[in-house]
Amino acid sequence: MKPDNIQYNRDHFFCSEDFSNQVTRKSDTIVRAPSLPEFTSFVDLSALLESRNRLLSDKSQNFFDDLSVSNPLQKLAYGLKEVRKQQISNNIPITKCIGMKESLEFWKSEVERTCIWLSYFDEFQNLSMEDKIHITTCMWIIFTRVERSAMTAELRRASKCQHKDFAFTTYSLINTEALKWDFEWLSHFPSDQMNTFLGTTQMILCEPLTNCMMDVQPTDEELCYILCDLCFSFLGNKMGGEMLEKLEQFQKVLADNLHQYYTQRGSRYSHRLGQILKISQQYKALMEEKRKIRVLGHVFNAFRANWSHTDLFIYEPFH
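Numbering (UniProt numbering), first residue to last: 1 to 319.
As structure tokens, then:
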């Protein structure tokens, strides 16, 4: 199986009639702020990036207890199990409010988990530091959204949380009906206006993606394939050149591994592949909606935090 056989619609932003109508509706919600300080807060990401770079610099080999773990996709699936060992599954605490402090802690945790997970991919470990940073910067956002939605689905199926709960971190849940957002650090606009503008908590946390995970129930191998395919296909096309060639080779290796995985399991190959691609399609559809909201946010100058480093979110506008 070759990655070329899997076709995706490219998610280029365009100003459709629906989007024009959305601009009108959103403009009724957010009104330009009067003369105010240029920034609402200073967000220091130094500690986060230092931790990321330290993890990416570590080239020590991972050891596998399971002797059947041999190919790259199996190793990534093993790594996913390892980073998920931190997940609390009983009597999980509830996070009641999310502001800058909670956001920083969450981002740091997710960047670190992404780095550790990717370290189980030998081909990634052999890359230059520069290439590792590019891939991690793209992957951590995808990993956060997709993996957390998948974990939420698992906890709901196991009755470890309620349907209205979301696995925000490995150590806490969010009650999507009761959560309070504190956006004072991010914008001059009141938090209630920003909440209306950004959408419900369910939409911010990609509830349709979680519902898709509930239906498809991807295995660890399938989830790892989806994560890598989303990241590598986007980043390769974005950067081109040698990076494109490297990532296309990674995709080919993982696609062959997935083919072998299905063959060994005797799965209905084409049917199952169609099922897991629903997850990718749902993710891309949700990211298109988020892009539209971000564009409107920049139009109305809604996001006013001053970031110590902007490169951590350099790919955020694209997914």
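Glycine included, each C-beta is placed from N, C-alpha and C at the ideal position.
What three-state label does DSSP hand residue i in the structure shown?
i: Thr-210; result: helix
i: Val-31; result: Because Val-31 carries a pLDDT of 48, less than 50, the predicted location of this residue cannot be relied on, and no value is offered for it.
i: Cys-161; result: coil
i: Val-43; result: strand
i: Phe-234; result: helix
i: Phe-303; result: coil
i: Ile-88; result: coil
i: Leu-205; result: coil
i: Asp-271; result: Note that residue 271 corresponds to His in the displayed sequence, not to Asp. Reduced to three states, the DSSP call for His-271 is helix.
i: Thr-310; result: coil
i: Asn-71; result: coil
i: Thr-196; result: helix
i: Thr-136; result: helix
i: Lys-108; result: helix
i: Lys-59; result: coil
i: Phe-189; result: coil
i: Ser-103; result: helix
i: Tyr-120; result: coil
i: Ser-280; result: helix
i: Asn-126; result: coil
i: Gln-217; result: coil
i: Gly-297; result: helix
i: Glu-38; result: coil
i: Gly-241; result: helix
i: Gly-79; result: helix
i: Tyr-262; result: helix
In angstroms, rounded to a whole number, what distance separates the CA positions of residue i and residue j?
i: Glu-102; j: Arg-268; result: 43 Å
i: Arg-148; j: Arg-272; result: 22 Å
i: Glu-207; j: Tyr-283; result: 10 Å
i: Met-139; j: Cys-228; result: 8 Å
i: Glu-82; j: Glu-38; result: 43 Å
i: Leu-230; j: Ile-142; result: 8 Å
i: Cys-161; j: Ile-92; result: 8 Å
i: residue 352; j: Leu-223; result: The question about residue 352 has no answer, for the chain in this structure spans 1 to 319.
i: Asn-306; j: Arg-291; result: 20 Å
i: Glu-105; j: Trp-185; result: 15 Å
i: Thr-29; j: Arg-304; result: Bear in mind that the predicted position of Thr-29 carries a pLDDT of just 49, short of 50, making it too unreliable to give a figure here.
i: Asn-62; j: Glu-123; result: 13 Å
i: Ala-33; j: His-188; result: In this prediction, Ala-33 scores a pLDDT of 46, lower than 50, which makes its location untrustworthy; no coordinate-derived value is stated.
i: Met-203; j: Phe-166; result: 12 Å
i: Arg-294; j: Leu-286; result: 13 Å
i: Pro-218; j: Glu-154; result: 10 Å
i: Ala-47; j: Ser-270; result: 45 Å
i: Ser-41; j: Glu-110; result: 22 Å
i: Ser-159; j: Gln-74; result: 28 Å
i: Glu-288; j: Glu-316; result: 12 Å
i: Glu-50; j: Arg-113; result: 14 Å
i: Ser-27; j: Gln-193; result: Summary for Ser-27: the model assigns pLDDT 48, below 50, so the residue's position carries little reliability; its value from the coordinates is reported in the next sentence. Ser-27 and Gln-193: Cα-Cα distance of roughly 11 Å.
i: Arg-54; j: Gly-241; result: 27 Å
i: Met-239; j: Leu-254; result: 20 Å
i: Leu-258; j: Leu-76; result: 12 Å
i: Leu-205; j: Gln-281; result: 16 Å
i: Ser-20; j: Asn-301; result: With a pLDDT of 47 at Ser-20, under the threshold of 50, the predicted position of this residue should be treated as unreliable, and no value is reported.
i: Asn-90; j: Thr-144; result: 21 Å
i: Val-43; j: Asp-220; result: 34 Å
i: Arg-52; j: Leu-80; result: 18 Å
i: Gln-260; j: Gly-274; result: 16 Å
Please work out which residues of its chain come closer than 8 Å, Cβ to Cβ, to residue i, disregarding the five sequence neighbours upstream and downstream, and give them in chain order.
i: Leu-179; result: Thr-95, Lys-96, Cys-97, Ile-98 and Thr-201
i: Asp-182; result: Cys-97, Ile-98, Gly-99, Met-100 and Ser-191
i: His-163; result: Arg-156
i: Val-146; result: Leu-209, Leu-223, Ile-226, Leu-227, Leu-230, Ile-279 and Tyr-283
i: Met-243; result: Asp-131, His-134, Leu-235 and Gly-236
i: Lys-59; result: Gln-125
What are the partner residues of residue i, as DSSP defines its beta bridges?
i: Trp-181; result: Ile-98
i: Leu-173; result: Ile-94
i: Phe-166; result: Ile-174
Keeping to the same chain, check which residues put their C-beta closer than 7 Å to that of residue i; ignore five residues upstream and five downstream.
i: Gln-87; result: Met-151 and Thr-170
i: Lys-278; result: Cys-212 and Val-216
i: Leu-45; result: Trp-307, Ser-308, His-309 and Leu-312
i: Trp-107; result: Leu-48
i: Leu-56; result: Cys-115, Met-129, Lys-132, Ile-133 and Thr-136
i: Ile-276; result: Val-216, Pro-218, Glu-222 and Ile-226
Near residue i, what residues of its chain come up, given a Cβ to Cβ distance below 6 Å and the 5 sequence neighbours on each side ignored?
i: Gly-297; result: Phe-303
i: Tyr-262; result: Tyr-269
i: Arg-84; result: none
i: Phe-232; result: Leu-247, Phe-250 and Gln-251
i: Asn-71; result: Asn-257
i: Phe-168; result: Thr-95 and Ile-174
Heavy atom of the ligand NAP less than 8 Å from the Cβ of residue i, yes or no?
i: Cys-231; result: The ligand NAP is not part of the structure shown, which contains no ligands of any sort.
Practice prompt. Flag this pair as touching only if the stretch 173-185 and the stretch 91-106 have three or more C-beta atom pairs under 8 Å; answer yes or no.
Written response: yes
Worksheet entry | contact_flag[the stretch 128-135, the stretch 201-220] where n(CB pairs < 8 Å) is 3 or more | no
Worksheet item: Are three or more beta carbon pairs between the stretch 187-207 and the stretch 113-124 nearer than 8 Å?
Response: no
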